[in-house]
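K.L.:
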Amino acid sequence: MKFKALTAVAALMVTIPAITLADPDDDTLVLNGETEMVTKVAAPAHMAETGVDTVMSGWHFRNDDTQAMQTDDFDNPGMLAVEAAIEAWNTVEGEAGKSCASCHGAAEDSMKGIRAVYPKWNETAGELRTLAMQVNDCRTNQMKAEPYKYTSGPMAAMEALISVQSRGMPVNVAIDGPVQAMWEKGKEMYYAPFQRLRA
Ligand code: HEC
């Protein structure tokens with residue numbers, strides 16, 4: 681439980697990875713010639729004391745070859761994981777005799793925008809859930825199947841499949857209400873090394 685809670689806090693600071701860009705200096709990139717993604721934004725107010733005024737996608741720090749490879753899904757080996765997850769999505773597993781698709785239909789439709797709002801508060805369970813926690817909740821409670829190991833390949837692939845359905849969408853994680861205290865805790869953890877540096 682404790683591990684899960686901490687993981688959820690850490691994941692609050694995570695953003696949707698930006699994949700590609702035409703010019704490293706641009707603020708946006710166009711993926712597959714169609715999906716526009718923002719790679720640089722003004723830093724939020726709470727970063728003021730760090731002196732950092734622009735938040736950049738890690739994409740900007742990759743070398744030219746990697747950036748070029750990530751420009752096109754056909755060249756990107758990461759998409760092989762997405763394909764493996766499509767297979768898993770459609771595979772019946774567990775005692776309930778269901779696949780993800782049995783309940784959610786096509787991931788392209790049902791998972792649109794989901795990554796952008798996770799981690800998300802689950803009212804029934806009374807917990808802040810990362811995407812991985814939600815996937816495993818569905819595996820154990822809905823499918824009666826074994827959970828994926830939290831940081832395993834199959835979990836990462838499933839997260840990738842769900843995440844690509846939100847490419848180009850702004851991160852929109854709710855940090856108010858029951859999540860506020862955890863967000864404050866995540867903020868404290870995020871800035872702790874910076875504060876140690878200044879001390
Ligand atoms: C028997 C039906 C069923 C199956 C099978 C199932 N789910 Fe779910 N899933 C649900 C229900 C019901 C919810 C809403 C749960 C809630 O809000 O507590 C949900 C919610 C989700 C969400 C969160 C959506 C949101 O709006 O926040 C994700 C992501 C998800 N499921 C992924 C999966 C994946 C991946 C699989 C296969 C490994 C799967 N589900 C299998 C019924 C199912």
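Using the numbering used here, the first residue of the sequence shown is number 681, and each one after it goes up by one. All C-beta atoms, glycine included, are put in the ideal place defined by N, C-alpha and C.
For residue 776, is the beta carbon positioned less than 8 Å from some heavy atom of ligand 1?
P.N.:
yes
K.L.:
When the Cα atoms are used, what is the spatial distance from residue 883 to residue 831?
P.N.:
Residue 883 lies beyond the residue range present for the chain, which begins at 681 and ends at 879; the question has no answer from this structure.
K.L.:
How is residue 712 classed by DSSP in three states: helix, strand or coil?
P.N.:
coil
K.L.:
Using the three-state DSSP reduction, which class does residue 682 fall into: helix, strand or coil?
P.N.:
Legend: pLDDT at residue 682 = 39, less than 50; position of this residue unreliable, no value from coordinates given.
K.L.:
What does DSSP give as the partner residues of residue 801 in its beta bridges?
P.N.:
808
K.L.:
With a threshold of 7 Å on Cβ separation, who are the neighbours of residue 811 within its own chain once the five nearest residues in sequence on each side are excluded?
P.N.:
795, 798, 839 and 842
K.L.:
From 869, 722 and 726, pick the residue whose C-alpha is nearest to that of residue 736; which is it?
P.N.:
722
K.L.:
Does DSSP classify residue 813 as helix, strand or coil?
P.N.:
helix
K.L.:
Classify residue 734 as helix, strand or coil using the three-state DSSP reduction.
P.N.:
strand
K.L.:
Within 9 Å of any Cβ in chain B, is that where the Cβ of residue 836 sits?
P.N.:
In the structure shown, chain B cannot be found, because there is only a single protein chain.
K.L.:
Provide the residue span of the alpha helix (DSSP H) that contains residue 721, from first to last.
P.N.:
Secondary structure note for residue 721: it is in no alpha helix (DSSP H), and the uninterrupted beta strand (DSSP E) holding it is 720-722.
K.L.:
Taking C-alpha atoms, which residue in 867, 848, 871 and 763 lies nearest to residue 713?
P.N.:
It is 848 whose Cα lies nearest to the Cα of residue 713.
K.L.:
Going by C-alpha to C-alpha distance, which of 822, 828 and 860 sits closest to residue 801?
P.N.:
860
K.L.:
Helix, strand or coil for residue 717, going by three-state DSSP, please let me know.
P.N.:
strand
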